[in-house]
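Student:
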Amino acid sequence: MDLIDLVEREQMKTDLPQFAPGDTVKIHVRIKEGDKERIQIFQGVVIRKKKGQLRSSFTVRKVSYGVGVERTFPLHSPVVGKIEVVQPGRVRRAKLYYLRGLKGKAARIQRRTVMEKPETPEESQG
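Just add 209 to the spot in the sequence shown (first one is 1) and you have my numbering.
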């Protein structure tokens with residue numbers, strides 16, 4: 210194992226949720242204004258996920274007052290406080306750049322249904 214890999218592993222976050230392109234997420238971002246620090250929530254659809262251990266990043270897109278806003282976040286940055294998956298989406302592409310050209314209902318993403326394990330009769334009795 211390289212020395213660089215060892216240093217990177219120490220700085221990586223371990224409490225990150227599993228999310229994929231197409232998922233709607235809420236990102237709690239720490240913003241420093243002067244000597245004050247506050248948390249701002251950015252909610253949108255993940256359109257890209259770039260892998261690379263400590264250098265991993267993801268891009269989130271939302272439409273605010275009719276204008277598309279995209280923001281790229283480093284995955285393991287201390288600026289990113291918390292990531293919540295609001296709604297899992299079902300898409301067939303890894304990069305959703307085509308959403309930039311769509312408006313309104315055309316830009317919607319199908320919801321991915323998560324199947325739960327059915328309860329067996331043995332578990333319900335015991």
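Yeah, the Cβ is synthetic: ideal placement off N, Cα and C, and Gly gets one too.
Here's the rule I'm using: 16 or more other beta-carbon atoms within 10 Å means buried, otherwise exposed. How should D224 be labelled?
Tutor: The residue is exposed, with fewer than 16 neighbouring Cβ atoms inside 10 Å.
Student: Assign R309 to one of three DSSP states: helix, strand, or coil.
Tutor: DSSP places R309 in helix when its eight states are reduced to three.
Student: According to DSSP, is V216 helix, strand or coil?
Tutor: In the structure shown, V216 sits in a helix (DSSP, three-state: H, G or I).
Student: Let me know the secondary structure DSSP gives Q262 once reduced to three states.
Tutor: Of the three classes helix, strand and coil, the one that applies to Q262 here is helix, per DSSP.
Student: Based on the DSSP secondary-structure assignment, which residues constitute the bridge partners of R299?
Tutor: Partner(s): Q319.
Student: Verify whether the separation of the beta carbon atoms of I250 and K235 is less than 8 Å.
Tutor: Yes, they are a contact pair.
Student: Quick check: the segment 240-259 against the segment 289-308, are there 3 or more CB pairs under 8 Å?
Tutor: Yes, since at least three Cβ pairs between the segment 240-259 and the segment 289-308 fall closer than 8 Å, the two stretches touch.
Student: Taking the beta strand (DSSP E) that V276 falls in, what are its first and last residues?
Tutor: That run of the beta strand (DSSP E) goes V276 to P283.
Student: Using 8 Å for Cβ pairs, my map puts M221 next to H285. What's the rounded Cβ distance?
Tutor: About 5 Å separates the two Cβ atoms, so the contact holds.
Student: Closer than 7 Å to a non-hydrogen atom of the ligand GDP - does that hold for the CB of V269?
Tutor: In the structure on display, the ligand GDP does not appear, and there are no ligands present to speak of.
Student: Smallest Cα separation from S265: which of L212, E217 and D244?
Tutor: Among L212, E217 and D244, the Cα nearest to that of S265 belongs to E217.
Student: Counting only beta-carbon atoms, is Q319 nearer than 8 Å to chain D?
Tutor: The structure shown contains no chain D, having only a single protein chain.
Student: Identify every residue that forms a DSSP beta bridge with K222.
Tutor: Its beta-bridge partners do not exist; DSSP assigns none.
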